[in-house]
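Undergrad: Positions in the sequence shown are counted from 1; adding 5 to them yields my numbering.
Just so it is clear, CB atoms sit at the ideal spot from N, CA and C, and this is done for glycine as well.
Note that the coordinates shown come from a computational prediction; the quantities given were computed from them, not determined experimentally.
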Amino acid sequence: MESRGTQPLNLCHVQKLLLIINRLHMLFHSTALGFLFYYRLSFFFRNPETRETTPLLPWLLVFASEIILSFIWILGQAYRWRPVSRIVFPERLPEDDKLPPIDVFICTADPIKEPTLDVMNTVISAMALDYPLEKLHVYLSDDGGSPVTLQGMKEAWKFAKCWLPFCRKYRINSRCPKAYFSALENGDAVSTESSELVVEKQKMKERYEAFKEDIMKIKDSGFASNPNTTSAKDHPPVIEVIEELDQVELPLLVFVSREKRPSHPHHFKAGALNVLLRVSAVMSNSPYILVLDCDMFCNESTSARQAMCFHLDPTMSPSLAFVQFPQKFHNVSKNDIYDSQLRSLFTLQWQGMDGLSGPVMSGTGFYIKRASLCGNNTIKDTNLPELQMYYGSSNEFIKSLNQNYTKKLVNGGLAILEETQLLASFDYEIGTQWGQEVGFSYGSVVEDFLTGFNLHCKGWTSVFCDPTRPQFLGTATTNLNDVLIQGSRWYSGLFENGITMSCPLIYGPLRMSVLQSMCFAELTYFPLYCLPLWCFATIPQLCLLHGISLYPKVSDPFFLVFLFIFVSAVSKHLLEVLISGGTIRNWLNEQRIWMMKSITCHLYGCLDAILKKIGLRKASFLPTDKVEDDEQTMLYQMDKYDFRASNIFLVPMVSLIIINISSFIGGLQRAISGGDWDNKLFVQLFISAYIIILNYPIVEGLLLRKDKGRISPFVAPLT
Ligand SMILES: O=c1ccn([C@@H]2O[C@H](COP(=O)(O)OP(=O)(O)O[C@H]3O[C@H](CO)[C@@H](O)[C@H](O)[C@H]3O)[C@@H](O)[C@H]2O)c(=O)[nH]1
Ligand SMILES: [Mn+2]
6 MESRGTQPLN
16 LCHVQKLLLI
26 INRLHMLFHS
36 TALGFLFYYR
46 LSFFFRNPET
56 RETTPLLPWL
66 LVFASEIILS
76 FIWILGQAYR
86 WRPVSRIVFP
96 ERLPEDDKLP
106 PIDVFICTAD
116 PIKEPTLDVM
126 NTVISAMALD
136 YPLEKLHVYL
146 SDDGGSPVTL
156 QGMKEAWKFA
166 KCWLPFCRKY
176 RINSRCPKAY
186 FSALENGDAV
196 STESSELVVE
206 KQKMKERYEA
216 FKEDIMKIKD
226 SGFASNPNTT
236 SAKDHPPVIE
246 VIEELDQVEL
256 PLLVFVSREK
266 RPSHPHHFKA
276 GALNVLLRVS
286 AVMSNSPYIL
296 VLDCDMFCNE
306 STSARQAMCF
316 HLDPTMSPSL
326 AFVQFPQKFH
336 NVSKNDIYDS
346 QLRSLFTLQW
356 QGMDGLSGPV
366 MSGTGFYIKR
376 ASLCGNNTIK
386 DTNLPELQMY
396 YGSSNEFIKS
406 LNQNYTKKLV
416 NGGLAILEET
426 QLLASFDYEI
436 GTQWGQEVGF
446 SYGSVVEDFL
456 TGFNLHCKGW
466 TSVFCDPTRP
476 QFLGTATTNL
486 NDVLIQGSRW
496 YSGLFENGIT
506 MSCPLIYGPL
516 RMSVLQSMCF
526 AELTYFPLYC
536 LPLWCFATIP
546 QLCLLHGISL
556 YPKVSDPFFL
566 VFLFIFVSAV
576 SKHLLEVLIS
586 GGTIRNWLNE
596 QRIWMMKSIT
606 CHLYGCLDAI
616 LKKIGLRKAS
626 FLPTDKVEDD
636 EQTMLYQMDK
646 YDFRASNIFL
656 VPMVSLIIIN
666 ISSFIGGLQR
676 AISGGDWDNK
686 LFVQLFISAY
696 IIILNYPIVE
706 GLLLRKDKGR
716 ISPFVAPLT
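(1) Would you mind stating whether residue 361 and residue 507 have Cβ atoms separated by less than 8 Å?
(2) Taking 7 Å as the line, does the beta carbon of residue 588 fall inside it for any heavy atom of ligand 2?
(3) Take the Cβ of residue 432 as the centre, count every other Cβ of all protein chains shown within 10 Å, and call the residue buried at 16 or more, exposed below.
(4) With C-beta atoms as the reference, is residue 574 less than 8 Å away from residue 696?
(5) On the CB-based measure, 16 or more other CB atoms within 10 Å of its CB, does residue 208 come out buried or exposed?
(6) So, at 7 Å on beta carbons, what are the nonlocal neighbours of residue 648 in its own chain, with the 5 sequence-adjacent residues on each side left out?
(7) Considering only DSSP beta bridges, list what residue 146 is partnered with.
(8) At a cut-off of 7 Å, is residue 479 close to ligand 2 when judged by its beta-carbon and the heavy atoms of the ligand?
(9) Let me check understanding here. Comparing Cα to Cα, which of 23, 483 and 84 lies closest to residue 342?
(10) If contact is defined by three or more beta carbon pairs under 8 Å, each pair taking one atom from either stretch, is the segment 383-399 in contact with the segment 430-447?
(11) Within the chosen definition, does the segment 459-478 reach the segment 361-378 through at least 3 CB pairs nearer than 8 Å?
(12) Under DSSP, the alpha helix (DSSP H) around residue 437 begins and ends at which residues?
(13) Please report the distance separating the alpha-carbon of residue 199 from that of residue 274.
(14) Let me confirm a value: residue 12 is counted as buried when at least 16 other C-beta atoms fall within 10 Å, else exposed. Which label applies?
(15) With DSSP run on the structure shown, which of helix, strand or coil describes residue 716?
(16) Can you give the Cα-Cα distance for residue 416 and residue 259, rounded to whole angstroms?
(17) Is the distance from the Cβ of residue 220 to the Cβ of residue 122 below 8 Å?
(18) Is residue 367 helix, strand or coil by DSSP?
(19) Measure the Cβ-Cβ separation of residue 509 and residue 531 and say whether it is below 8 Å.
(20) Would you check if the distance between the CB atom of residue 597 and the CB atom of residue 528 is smaller than 8 Å?
(21) Counting along the chain, where does the alpha helix (DSSP H) carrying residue 488 start and finish?
(22) Work out the CA separation of residue 344 and residue 595 for me, nearest whole Å.
(23) Rounded to whole angstroms, what is the Cα-Cα separation between residue 385 and residue 286?
(24) Which of helix, strand or coil does DSSP assign to residue 427?
(25) Closest by CA to residue 549, which one among 39, 626, 73 and 672?
(26) Here's the rule: buried if 16 or more other CB atoms are within 10 angstroms of the residue's CB, otherwise exposed. What is residue 7?
(27) What three-state label does DSSP hand residue 407 in the structure shown?
(28) Does ligand 2 have even one heavy atom less than 7 Å from the beta-carbon of residue 135?
(29) Going by DSSP, name the residue or residues bridged to residue 513.
(30) Under DSSP, the beta strand (DSSP E) around residue 19 begins and ends at which residues?
(31) Kindly indicate which residue of 95, 41 and 81 has the alpha-carbon position closest to the one of residue 70.
(32) Does the separation of the CB atoms of residue 111 and residue 314 fall below 8 Å?
(33) In or out: residue 176 buried (at least 16 other Cβ within 10 Å) or exposed?
(34) Between the Cα of residue 427 and the Cα atoms of 514, 76 and 401, which residue gives the shortest distance?
Set out below in structure tokens:
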């Protein structure tokens with residue numbers, strides 16, 4: 006093709022209109038905040054007699070909340086400073102023989118919460134990526150150390166032997182078998198297909214059904230026999246290359262289960278990824294790596310080529326660490342009552358960071374340059390003992406750091422397998438720089454955030470690539486309990502990064518732009534929403550019941566300041582939802598779930614992080630449940646909250662709603678009997694009403710619903 010090598014592989018486009026709207030909004034909103042602060046501060050200089058009518062404590066609490074909200078708001082403006090979007094031209098990439106090899110890392114941890122069949126679908130979709138076969142190597146890490154997973158992989162390999170040629174021959178785009186066949190059932194088939202394809206498809210479908218059954222059989226026998234020699238927390242390293250004697254051409258497929266011992270920290274997913282990093286280094290050592298969660302299948306087969314449009318762009322490549330695709334999910338409903346899709350994160354926020362020096366690493370769906378994870382470049386010039394201090398004792402691994410190293414799997418297969426046993430042993434990392442300078446970072450359960458932040462601190466950049474067709478699709482949490490448990494883990498992880506000396510606000514600005522550090526900081530301090538939201542859900546209401554005013558009267562000019570700030574914040578959010586393709590319903594749901602999360606999992610996340618910091622709690626990573634529960638899915642699809650959640654989540658929600666209802670009624674009585682419509686309590690009355698209206702589903706769940714997902718009547722007396 007003539008265009009190859011001459012035209013750019015990608016284009017970056019600044020979203021000008023959005024940029025102007027954002028900056029104007031910043032100007033007006035921050036001016037209004039300035040007036041608000043003036044109003045609050047001037048209170049202290051007011052004549053002491055008028056001041057005495059207002060007790061100081063509630064007033065200070067409300068003011069403190071306003072300060073925290075403004076602080077998070079200011080940090081959040083960094084995302085809105087320079088939003089960009091990008092397009093890629095994969096057709097301009099060099100010929101296949103000039104493309105660099107890729108290793109794919111997939112992590113799984115628990116064969117019950119993460120059904121083996123789904124994990125295998127992810128594996129197969131990765132093997133089937135549209136990329137030269139001999140340049141693709143797929144590694145699956147099983148932290149559960151389950152023989153079921155290993156057996157499952159052998160079946161997956163057999164199925165892939167016919168699935169891959171089928172996809173390539175008919176240029177199938179959706180190469181995850183489960184997704185492909187369920188789309189067929191839903192009638193997405195093209196009518197212009199050749200009769201040959203129709204026949205082949207039917208054959209493939211039968212093969213898939215057989216494959217499914219084989220997995221079921223393995224599962225039944227696997228769980229029944231339950232070999233006591235391995236348990237999820239205590240097992241030896243197992244590394245196995247899946248292959249067969251008949252030489253069919255398939256990507257390399259490797260099963261890795263690192264050694265785990267209860268006496269030793271294993272650092273959750275980051276630990277698993279680091280083992281894969283080492284094992285793959287001595288087997289295939291590809292310069293680029295795709296990281297996937299076990300539920301995140303490849304929905305579009307060309308993602309690797311799209312990512313290469315950045316990695317092979319000579320103007321970006323030297324500093325580019327990773328290309329991040331958004332997390333998208335196959336199971337979110339239209340109204341998405343829990344905001345399971347994390348809309349704001351994967352649209353506005355990552356686009357905004359992309360216009361600075363790049364998005365946060367998001368755990369899954371990114372193509373990363375191996376060299377960016379291999380530590381300080383200058384260390385490579387030192388002597389062997391020092392290298393061993395840094396990278397651990399494996400000479401084979403140290404040799405792999407040399408770019409020209411090629412895999413010796415074919416000739417020295419056995420020797421290499423022995424080496425991988427060492428690399429996957431539980432004590433390999435002791436005394437080395439793994440998890441610090443080398444590999445994925447330890448020290449936070451949001452290893453993705455921390456690793457990305459550390460890379461940016463070292464001067465690496467990243468890119469956000471969001472083509473219209475989702476490149477990867479995962480399973481989102483779609484019930485209240487799981488959403489809040491997952492949230493507690495994330496916010497604890499994020500907040501713990503905000504309360505260390507290396508937090509983005511202190512450590513960042515010296516190493517990256519101030520705006521970029523603000524974005525990282527916004528994420529770490531986001532859980533602080535729990536303080537203002539708890540405060541606004543209680544203090545104005547209790548004061549309302551006692552007739553204490555905390556806000557200006559309706560006729561006071563400062564009332565307009567508060568009104569403006571409210572309208573401006575709410576309408577800006579609405580605008581952002583609409584721009585990213587959402588609806589008013591989505592906006593409403595996002596406001597509500599933000600409130601629900603703030604008073605529950607933001608709070609628990611912060612507490613957990615603080616307890617960890619002072620050594621009273623240990624880090625834990627509870628993987629989310631990826632098993633589909635029909636009843637629960639049905640509630641979610643019908644936009645009904647599933648209140649079968651833990652009491653630690655329900656009790657705060659129910660008690661706050663009760664406080665708001667009672668204070669609203671009490672306040673209204675006061676207003677009517679007082680007959681004073683220039684009401685100094687109007688704002689407080691409004692806050693209660695807003696909270697009740699927005700959280701009406703809680704009221705409904707408490708009083709009206711009769712189905713299983715209602716709030717159990719036993720919760721109310723607890724509050
Ligand atoms: O000890 C562990 C725990 C988890 N995992 C794997 O990590 C992945 C993510 O776990 P999941 O339960 O799906 O957590 P989520 O909250 O859905 O994950 C989000 O948040 C994580 C950080 O908290 C990121 O690592 C993920 O990429 C991101 O999708 C899964 O494939 C797990 O199998 C392990 O390999 N080892
Ligand atoms: Mn997940």
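TA: If we stick to the structure as given:
(1) no
(2) no
(3) exposed
(4) no
(5) exposed
(6) 485, 655, 706, 714, 715 and 716
(7) 112 and 261
(8) yes
(9) 483
(10) yes
(11) yes
(12) First-last for residue 437: undefined, no H or E at that position.
(13) 45 Å
(14) exposed
(15) coil
(16) With a pLDDT of 46 at residue 416, under the threshold of 50, the modelled position of that residue is not reliable, and the figure given next carries that caveat. Using only the alpha carbons, I get a separation of about 17 Å.
(17) yes
(18) coil
(19) no
(20) no
(21) 485-503
(22) 6 Å
(23) 16 Å
(24) helix
(25) 672
(26) Note on residue 7: pLDDT 44, under 50, position unreliable in the model; the coordinate value appears next. Counting Cβ neighbours within 10 Å, residue 7 comes out exposed, since fewer than 16 surround it.
(27) coil
(28) no
(29) According to DSSP, which records beta bridges pairwise, residue 513 is partnered with nothing at all.
(30) 15-19
(31) 41
(32) no
(33) exposed
(34) 401
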